[in-house]
Amino acid sequence: MRESNDDSVLGRCINNSVGRIATQLKMPFLHHSEFQGSPVLIGETEFVHPKNNKEEVVMKIFLASPKFVNAKMEADFGTHGPDFIQNVKNYVNNFTPAAFEEKVKANDGLLKVTLDKVPVTLKHREHFFFNARDRQL
Amino acid sequence: MLNVEKQFNPTYQKHKEWACHASMESSVMLYKVLDDELMEIGLAKEATSKVQRLRKDTGISIDD
Chain A
1 MRESNDDSVL
11 GRCINNSVGR
21 IATQLKMPFL
31 HHSEFQGSPV
41 LIGETEFVHP
51 KNNKEEVVMK
61 IFLASPKFVN
71 AKMEADFGTH
81 GPDFIQNVKN
91 YVNNFTPAAF
101 EEKVKANDGL
111 LKVTLDKVPV
121 TLKHREHFFF
131 NARDRQL
Chain B
138 MLNVEKQFNP
148 TYQKHKEWAC
158 HASMESSVML
168 YKVLDDELME
178 IGLAKEATSK
188 VQRLRKDTGI
198 SIDD
């Protein structure tokens, strides 16, 4: 994930080169606006423009984690109160990424759970993706 | 004994926008001026290598 001033020369340059950078890194290179939840931070580094030290971009590596389709989550579960969707997300995030993927794949792409007496069925690629790379496929 | 050497014309050797070198086997001439696109490619490469270095330092692999 990257954080920068999008109006700066460096920020624009990095935003224009996202595809190239992600290809070279072989991992998603997301803008901070796409950040979701509280995944485990692995580390971070800063890149300062070599000709203008007032411009910098901060890049962070997180462990892969599920990414939700917020519009679909809101459409399907938004009527159950303000905290309900967050509770669903918290439930999903309690799994390790590998365990979550295994559980969903074993259930034909579905995750079924009852939270606050409300039955919830989440569908892979409709309500969530396993991680950012999965979303880009 | 006769030594034969191949050289670029001094106009090009001293040119600010070109770098050149010649040997008997080959000759290379490189345009050195950075335009916006080259700057962008260069900055993207620098950013990429920063992340690669971080990945190496933290010991994570692409599959993690």
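If you're matching them up, the sequences are chains A and B in order. At position 9 of the first sequence (counting the first as 1) the number is 9 in my numbering, and the numbers step up by one without a gap. Position in the second sequence (first residue = 1) + 137 = my numbering. Backbone N, C-alpha and C define an ideal beta-carbon position, used for all residues, glycine too. Predicted model only: the values in this text are computed from it and were never measured.
Residue i, buried or exposed, once every other Cβ within 10 Å from all chains shown has been counted against 16
i	result
A/V58	exposed
B/T185	buried
A/P139	Since the first residue of chain A shown is 1 and the last is 137, residue 139 of chain A is not available in this structure.
A/L63	exposed
A/H127	buried
A/K117	exposed
B/S97	Since the first residue shown for chain B is 138 and the last is 201, residue 97 of chain B is missing from the structure and cannot be characterised.
A/V113	exposed
A/R2	buried
A/S38	exposed
A/L111	buried
B/V141	exposed
A/E74	exposed
B/L175	exposed
A/L30	buried
A/L137	exposed
A/N131	buried
A/S4	buried
A/V104	buried
Identity of the residues DSSP links to residue i by a beta bridge
i	result
A/A138	In the structure displayed, chain A extends from 1 to 137; residue 138 of chain A sits before or after that span and is not available.
A/N200	Nothing can be reported for residue 200 of chain A: it is not among the residues displayed for chain A, which extend from 1 to 137.
A/H32	In the DSSP output, where bridge partners are listed per residue, A/H32 has none listed.
A/H124	A/F128
A/L115	A/V118
A/V57	A/S4, A/F47
B/L167	B/A156
A/F62	A/L41
A/K103	In DSSP, A/K103 forms no bridge with anything.
A/L110	A/K123
A/K67	A/F129
Cβ distance (whole Å) where residue i is taken to contact residue j below 8 Å
i	j	result
A/A93	A/P66	Here residue 93 of chain A is Asn; the residue named in the question, Ala, does not match the sequence. The pair is a contact, with the Cβ atoms about 7 Å apart (cut-off 8 Å).
B/R192	A/I14	Their Cβ separation, rounded to whole angstroms, is 17 Å, which puts B/R192 and A/I14 out of contact at 8 Å.
B/E183	A/F47	6 Å
A/L10	A/E56	7 Å
A/T45	B/V188	7 Å
Positions along the region 79-94 of chain A whose CB lies within less than 7 Å of some CB in chain B = Those residues of the region 79-94 of chain A that come within reach of chain B (Cβ to Cβ, closer than 7 Å) do not exist; the list is empty.
Please list the residues of the region 23-49 of chain A that have a C-beta atom closer than 9 Å to any C-beta atom in chain B, keeping them in chain order.
-> Listed by position along the chain: Q24, L25, K26, M27, F29, I42, G43, E44, T45, E46, F47, H49.
Touch check for the region 19-26 of chain A and the region 71-88 of chain A: three-plus C-beta pairs under 8 Å?
-> no
Short-range partners of chain A found in the region 185-196 of chain B, where Cβ spacing is below 8 Å = T185, K187, V188, Q189, R190, L191, R192, D194, T195
Any contact of the region 141-155 of chain B with the region 164-173 of chain B, i.e. 3+ C-beta pairs under 8 Å?
-> Yes, the region 141-155 of chain B is in contact with the region 164-173 of chain B.
Three or more beta-carbon pairs under 8 Å between the region 68-77 of chain A and the region 98-105 of chain A, yes or no?
-> With a cut-off of 8 Å on Cβ pairs, the region 68-77 of chain A is not in contact with the region 98-105 of chain A, counting fewer than three such pairs.
Contacting positions in the region 7-19 of chain A - beta carbon closer than 7 Å to chain B | L10, C13, I14, N16, S17
Between the region 51-63 of chain A and chain B, which residues of the former have CB atoms less than 8 Å from a CB of the latter, in chain order?
-> V57, M59, I61, L63
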